[in-house]
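What follows is a short report on a single structure.
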Amino acid sequence: MIRVTRRYRFSASHRLHAAGLGDAENRELYGKCNSPFGHGHNYEMEVSVRGPLEERSGRAVDPALLDGLVRREVLEAFEHRNLNEEIAAFRTTVPTTENLAREAVRRLKQNWSTVFPAGPRLEKVAIAETSRNAFEVSAHEIE
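To convert a position in the sequence shown, counted from 1, into our numbering, add 110.
Now the structure itself:
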């Protein structure tokens with residue numbers, strides 16, 4: 111089995127604010143990330159897949175097919191968006207980068223089998239929001 115990881119970039123804004131908490135609790139929990147005006151990131155996302163080497167091509171995944179799926183399901187949806195207001199999943203869930211990675215996995219899995227009916231399989235998504243903060247989600251943990 112071979113693991114292939116492709117990197118992608120997108121920019122988006124968000125505000126970390128839990129609806130079930132008061133303003134003071136949110137400020138204490140999220141600090142400057144709770145600003146009512148939100149803030150943005152230039153995210154770097156890695157999508158890792160695992161599969162056998164395909165005999166004819168010598169590859170484990172067709173990068174053009176993977177790029178197309180990631181573009182359609184994730185990049186076009188999140189690029190230059192206010193995650194809190196423009197992405198339905200984040201109207202009820204705090205758009206932390208952990209949750210952003212989970213949502214990216216969920217979106218990729220929705221149409222994975224139509225693009226890759228015989229493999230490879232999605233292994234994980236990792237998203238870095240800054241040079242110091244990166245988050246990784248295993249695909250098998252998300253429905």
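Cβ coordinates follow ideal geometry from the N, Cα and C atoms, glycine included.
Report task. Sort out for me which residues DSSP pairs His-151 with in a bridge. Result -> Here the question's residue 151 lines up with position 41 in the sequence shown. Ala-122, per the DSSP bridge assignment.
**Report entry** Residues bridged to Thr-115 (per DSSP)
**Finding:** Translated into positions along the sequence shown, residue 115 becomes position 5. In DSSP, Thr-115 forms a bridge with Ser-158.
**Report entry** Opening and closing residue of the alpha helix (DSSP H) in which Val-215 lies
**Finding:** The sequence position of residue 215 within the sequence shown is 105, counting from 1. Taken as a continuous stretch (DSSP letters only), the alpha helix (DSSP H) holding Val-215 covers 207-225.
**Report entry** Pairwise C-alpha distance: Met-155 and His-190
**Finding:** For this step, residue 190 is matched to residue 80 along the sequence shown. For this step, residue 155 is matched to residue 45 along the sequence shown. So the two alpha carbons sit approximately 15 Å from each other.
Query raised in the report: Per DSSP, Asn-192 forms a beta bridge with which residues?
Result: Within the sequence shown, the letter at position 82 stands for residue 192. Paired residues: Ser-123.
Query raised in the report: Taking Cβ to Cβ, would you say Leu-193 is nearer than 8 Å to Pro-205?
Result: Sequence index remark: in the sequence shown, residue 193 carries index 83 (1-based). Sequence index remark: in the sequence shown, residue 205 carries index 95 (1-based). The answer is yes: Cβ separation under 8 Å.
Requested in this report: Give the C-beta separation of Asn-152 and Ser-121 to the nearest angstrom, bearing in mind that I take them to be a contact with Cβ-Cβ under 8 Å.
Outcome: The count along the sequence shown starts at 1 and reaches residue 152 at position 42. The count along the sequence shown starts at 1 and reaches residue 121 at position 11. About 5 Å; that satisfies the 8 Å criterion.
Query - Through-space distance from Ser-167 to Ala-238, alpha-carbon basis - result: Start at 1 with the first residue of the sequence shown, and residue 238 comes out as number 128. Start at 1 with the first residue of the sequence shown, and residue 167 comes out as number 57. So the alpha carbons of these two residues sit roughly 31 Å apart.
Query - Through-space distance from Asn-144 to Pro-230, alpha-carbon basis - result: For the purposes of this step, residue 230 is identified with residue 120 of the sequence shown, where counting begins at 1. For the purposes of this step, residue 144 is identified with residue 34 of the sequence shown, where counting begins at 1. When rounded, the distance between both Cα atoms is 39 Å.
Query raised in the report: Which of the three DSSP states, helix, strand or coil, is assigned to Arg-201?
Result: Walking along the sequence shown from the start, residue 201 turns up at place 91. In the structure shown, Arg-201 sits in coil (DSSP, three-state: anything other than H, G, I, E or B).
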